[in-house]
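First comes the structure, then the notes that go with it.
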Amino acid sequence: MADGTDQKSSNQMWGGRFASGPSAIMEEINASIGFDKKLYAQDIRGSMAHAAMLASKGIISPEDKDKITEGLNTILSEIESGSFEFSRKLEDIHMNIEARLATLIGPAAGRLHTARSRNDQVALDFRLWVKEELQKTEGMLTALIAAFLDHAEENADTVMPGFTHLQTAQPVTFGHHCMAYVEMFGRDRARVRHAIEHMDESPIGAAALAGTGYPIDRHMTAKALGFREPTRNSIDTVSDRDFALEFLSIASICATHLSRLAEEIVIWSTPQFGFIRLSDAFSTGSSIMPQKKNPDAAELVRAKTGRINGSLIALLTVMKGLPLAYSKDMQEDKEQVFDSAESLELAIAAMTGMIRDLEVRKDRMRAAAGSGYSTATDLADWLVREAGLPFRDAHHVTGNAVALAEKKGCDLADLSLEELQAIHPGITNSVFDVLSVEASVASRTSFGGTAPSEVRKQIAWWRGRN
Ligand code: ARG
C-alpha cells in the first residue's frame, strides 16, 4: 500500500485539471507498472518508430527526434541493467518511460506523445509482445514434434495395446501413438501461425479512439515495427483484445493436449504398466519411500493446464460486458497472458525434455498388447472375410471364443483349432495368422491406420513439414 502522502500533488502526466493527487487506494488499484514493465522493450521500440514517423512527416523536428531516440536508448539500457527506478505513482510502463525521458532530454520529451494516446500505445505494445511470444511458441512446438518423430521412427513397429475407455481395445504401434501427438501439436502450431497472421496489423496511430488530425503515416510505422499493415478501424483497434484471447485459447487447447499426454506418462510409468521409464532428469524421489520415482514434471504439466484455462475464462469475462472503445478493465488483460505464456513455455519445455529422454520398454508393451483379447476384432474380420459371415454374426461367434478363452484362462491364439471349430465349423488353420498382435497391426493398412508401413508414410509426410 502507498503511504497516503500522494494526495498532495496531482499526476505529472495527466494532472492538469486535478487539484489533488489520487488516494493511496486509487493508486493501488490503478497502477499496472508491477506487471506491465514486462512491455518495456516493445514500448521503447514503438516510441522510436512513432518519433521517426513524426519527424519524417514534419510533425516534430529532426533534432527533437534525435534527442528522443537517444533518450529512449539510455532508458533501454537503464532498464536492462536494473538501474531504472519504476514508480507506481506514474501508473504504468508508458508513463514511467515518458517521465524518465523528460528528465533526460527536457521539453522535447513532451513532443513524443503527439498524435498518439496510451490507448493505441498499449494496444501496440501488448500486440507486439503476444506476437513475439507466439513466434517463440511456434519454435518450441517444432522441437516437441521433432522429439515425437524420432520416437515414432524408432518404434514404427513396436506393438502396444491401443485403448478405448482405458480398456485394451486393439493392438497398435507405439509409433502410431506418438504420431497422434504429432498431429495434435501440429494443429496447435498451425493455430499459432494463423493467429500471428491475424494480429499482424499495427495499432499505433489509432490514437485515443478516433484517429488523429495530424498528417501521420501509419503505413510507415507499421512497416518499421514489422507488421504487415496498419489496422483499419481506430475504434476496434483500441477496444478489442481478441489477439490476447486468441493467444489464451490456443494456449488452453495446447495445454489440454499436453495434459492428456502428461496423464498417459503418469499411467505408463507406473510399475503396473511399465511401458516407459522416465529419465532421472525429469523425475523426483520420495522423502520417505526410497523405491519411488515420481513423474512430478508430468503432473505439473497436467496442473498448469488449470491455470491456463482459468486465464482464458478470466479474460473472456473481463471483455464480455465492455462497450466500445477503451475501458480501464482492459488493463487486466496482461497478467492472464503473462502467466499463461510462462506456464505454457515451461510445460512445452518440460514435456519436450521428458519425451526426448523417454526409455521405451518394448517388451512390456508387447506383453500387454497380447493380453485382454486384443485381437478379437481380427478374428471377427477373419470370419467375415474367409467364412462369409455377416459382421454381426462374426461378432457373436468371436464373443463365444473370448468367453471360452476367458474360462480356460488363455489367449485367443492359445485355443486349439478343434475348440474354435466347435464354436464355428467354418474356422480353418489360417485363422492363426491373424490372431497374433504383429499380424493384427500389419493388417491395418487403411490410410492413417496403425500398420508400420502406414505409420512410416505419415512420419515421412511430417518430416517434410517440420
Ligand atoms: N495501463 C493502461 C492499460 O494497460 C494503459 C492505457 C491507459 N489508457 C487510459 N485511457 N487510461 O490498459
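Numbering-wise, the sequence shown is residues 864 to 1329 according to our numbering.
Even for Gly, the Cβ is constructed at its ideal location relative to N, Cα and C.
Cβ-heavy atom distance, residue i to ligand 1, below 6 Å
i     : result
D1354 : The displayed coordinates of the chain run from 864 to 1329. Any statement about residue 1354 would go beyond what the structure contains.
R990  : no
M1193 : yes
N982  : yes
S895  : yes
V1022 : no
V985  : yes
Backbone secondary structure at residue i - three-state DSSP
i     : result
P1034 : strand
V1129 : helix
E1282 : helix
A865  : With a pLDDT of only 41 at A865, under the threshold of 50, the placement of this residue in the model should not be trusted; the figure read from the coordinates follows. Note: A865 maps to coil in three-state DSSP.
R1328 : coil
S926  : Contrary to the premise, residue 926 reads as Glu rather than Ser in this sequence. Helix at E926.
I938  : helix
T1023 : Looking at the sequence shown, residue 1023 is not Thr but Met. Looking at M1023 - three-state DSSP - the assignment turns out to be strand.
A1302 : helix
S1065 : strand
R1140 : strand
T932  : helix
T1291 : coil
C-alpha distance - residue i paired with residue j, whole-angstrom precision
i     : j     : result
W1324 : S1293 : 35 Å
T1021 : G1137 : 15 Å
G1337 : R1095 : What the structure shows of the chain is the stretch from 864 to 1329, and residue 1337 is not part of that stretch, so it cannot be assessed.
A1071 : T1215 : 43 Å
E1281 : A1264 : 12 Å
P1158 : L1209 : 16 Å
A1144 : A1213 : 10 Å
D1197 : D899  : In the sequence as displayed, the identity of residue 1197 is Lys instead of Asp. If I take the Cα positions, the gap works out to 7 Å.
D866  : I1218 : Note that D866 has pLDDT 42, beneath the 50 cutoff, so the model's placement of it is unreliable and the number below is only indicative. Spanning the two alpha carbons is a distance of roughly 51 Å.
K1156 : M1003 : 27 Å
K1270 : L1278 : 11 Å
A1302 : D1296 : 7 Å
M1182 : A986  : 15 Å
K1191 : L997  : 25 Å
E1127 : T1240 : 24 Å
E1046 : A1015 : 12 Å
S950  : H913  : 24 Å
V1300 : R1140 : 23 Å
E943  : L902  : 12 Å
G1262 : H1287 : 12 Å
Start-end ranges of the alpha helix (DSSP H) lying completely within the region 1079–1105, minimum 4 residues
1081–1087 and 1097–1102
Please give me, in chain order, every unbroken run of the beta strand (DSSP E) with length at least 3 that falls completely inside the region 1156–1235.
none
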